[in-house]
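Encoded as C-alpha cells, the structure appears first; notes follow it.
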Amino acid sequence: MSKLALVTGATSGIGRAFARRLAGDGHDVIAVGRRADRLAELAAGFPGGRVRPVVADLSTGDGVEAVAALCAGEPLSMLVNNAGVAHYMPFADLPAEKARELLHVKVVAPTLLTRAAVPGMLARGAGAIVNVAGMIAFSGPAPAEQMPRRAVYAGTLAHLVTMSQVLHAELSGTGVRVQVLCPGVVATEFHERQGLDLSAVARMSAEDVVTAGLRGLELGEVVCAPGVEDDRLLRAVSEAQLAAFGAQSPRLAERYRPA
21 MSKLALVTGA TSGIGRAFAR RLAGDGHDVI AVGRRADRLA ELAAGFPGGR VRPVVADLST
81 GDGVEAVAAL CAGEPLSMLV NNAGVAHYMP FADLPAEKAR ELLHVKVVAP TLLTRAAVPG
141 MLARGAGAIV NVAGMIAFSG PAPAEQMPRR AVYAGTLAHL VTMSQVLHAE LSGTGVRVQV
201 LCPGVVATEF HERQGLDLSA VARMSAEDVV TAGLRGLELG EVVCAPGVED DRLLRAVSEA
261 QLAAFGAQSP RLAERYRPA
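Set out below in C-alpha cells:
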C-alpha cells in the first residue's frame, strides 16, 4: 500500500521541501497552499500524479473545513501542519485581522486538521503528525531588549509545542507518532514577506529542517530542534516544567501570604 502524506504551506520553504522530500521518497503527497501556480509547478516535477495540488486558504473557516475533510477521508500516513503567516509586530500594533489570521493558521488549522486525521490513523494503527513550530516557542522569558516583540506569534508556536507533547502522551502505544518541529532561523521567503532582510544572517536550509524532522521521527523525538546540538537542553526544559507542575499544592505559597 502506498504512503500518503498531506503537507500544508507547500508552496514555499519548509512545506515545499517536505512535499518534495516525501514525494521523492515514494509518498503520494497532497500539497496544500494558497498559490495555484506554485502548486502546479511543484506537481509538474513529479509526473504520474504523485503530487496532488489542493488550493486552500487556512486562514478561513472554509479552507480549514475543506482540508479537514481530506484529512478525515484519505488514508493519510503523515500529516505535516506547516502553513504559517509572518505577522511580527508588538501586540498593541497588531491589527485584529492579522491576529485573527495568525491564530487561524497556526492554532485553529493544525488543531482541526489533526483532529480530523487522527481517528483514521488510529483505526489503521499507524501514522505521523508533524506540527511545524519554531524555537521562538521557547523565547517567552527573554527580556524585551533580547527578542523582537511578537507575543501572538510566539504564543501560537508555544501552543503547538504543548499540544504536540500532550497528544503524544495520549496516543502512546497506538502506532501514531506526534512531533513538533522547532527550527531556528531558516533560509526561506518567510522573513522577506515581513519586510525583514536576513541575508547577512547565518540560516539553516529548509532541506536540513526536513532531514531533522524525518530523522527525529525515527529517533522517537517529540520535540525536534534541528539546530540544537545538545539535546539535554531540551530535556532540561521539559524536566523543569514537570517539576513546577508537580510542585503545586492547595496550600498558598509563603510568598503570597500577608507579612
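Numbering (this note's numbering), first residue to last: 21 to 279.
Glycine included, each C-beta is placed from N, C-alpha and C at the ideal position.
Residue range of the unbroken alpha helix (DSSP H) whose run includes residue i
i, result
"ASP82", "81-93"
"GLU249", "From DSSP, GLU249 is part of no alpha helix (DSSP H); its letter is neither H nor E."
"GLY175", "171-190"
"GLU121", "116-123"
Local conformation of residue i per DSSP, three classes
i, result
"ALA146", "coil"
"VAL205", "coil"
"GLN199", "strand"
"ARG72", "strand"
"GLY65", "coil"
"GLY140", "helix"
"GLY266", "helix"
"GLY236", "helix"
"ARG41", "helix"
"TYR108", "coil"
"LEU133", "helix"
"THR231", "helix"
"ALA164", "coil"
"ALA60", "helix"
"ARG277", "coil"
"LEU254", "helix"
Classification of residue i by the beta-carbon crowding that lies within 10 angstroms, buried from 16 upward
i, result
"ASP250", "exposed"
"ARG135", "exposed"
"ALA51", "buried"
"ARG40", "buried"
"HIS197", "Reading the sequence as shown, one finds Arg at residue 197 and not His. It is buried - the Cβ of ARG197 has at least 16 other Cβ atoms within 10 Å."
"ARG170", "buried"
"GLY154", "buried"
"GLN199", "buried"
"ASP48", "buried"
"GLY65", "exposed"
"VAL186", "exposed"
"GLY145", "exposed"
"SER184", "buried"
"SER269", "exposed"
"SER22", "exposed"
DSSP beta-bridge partners of residue i
i, result
"ASP48", "LEU24"
"VAL243", "VAL200"
"MET224", "VAL206"
"GLY33", "Beta-bridge pairing links GLY33 to no other residue."
"GLY53", "VAL75"
Selection from the options that minimises the alpha carbon distance to residue i
i, options, result
"GLY44", "PRO67, GLU117 and LEU59", "PRO67"
"ALA63", "ARG255, GLY83 and ARG36", "ARG36"
"VAL230", "LYS23, LEU26 and LEU42", "LEU42"
"PRO130", "PRO163, GLY81, VAL248 and LEU114", "GLY81"
"ILE149", "ALA174, LEU201, GLU274 and GLU227", "LEU201"
"ASP77", "MET98, SER97 and VAL87", "VAL87"
"ALA119", "TYR173, ALA137 and ALA143", "TYR173"
"VAL206", "ALA232, GLU121 and GLN199", "ALA232"
"ARG93", "ASP113, GLY140 and GLY65", "Residue identity check: residue 93 is Gly in the sequence provided, not Arg. Closest option to GLY93, Cα to Cα, is GLY140."
"MET224", "GLN268, GLY29 and GLY33", "GLY33"
"VAL181", "CYS244, LEU122 and VAL49", "CYS244"
"PHE158", "ALA164, LEU187, LEU177 and VAL152", "LEU177"
"ALA143", "LYS23, GLY195, GLU165 and ALA222", "GLY195"
"GLU241", "ILE156, ALA273 and SER258", "SER258"
"ALA89", "GLY145, LYS126, ALA60 and LEU26", "LEU26"
"VAL74", "VAL248, GLY29, ALA226 and GLY193", "GLY29"
"VAL138", "HIS124, ALA162 and SER192", "SER192"
"LEU122", "SER79, SER97, MET98 and PRO163", "SER79"
"LYS126", "HIS179, ASP57, ARG72 and GLU227", "HIS179"
N-terminal and C-terminal residue of the beta strand (DSSP E) that residue i is part of
i, result
"MET155", "Neither: MET155 is in no beta strand (DSSP E) and is coded neither H nor E."
"VAL100", "98-101"
Residue i Cβ short of 7 Å to the ligand MG heavy atom set
i, result
"GLY44", "The ligand MG is not part of this structure, which contains no ligands at all."
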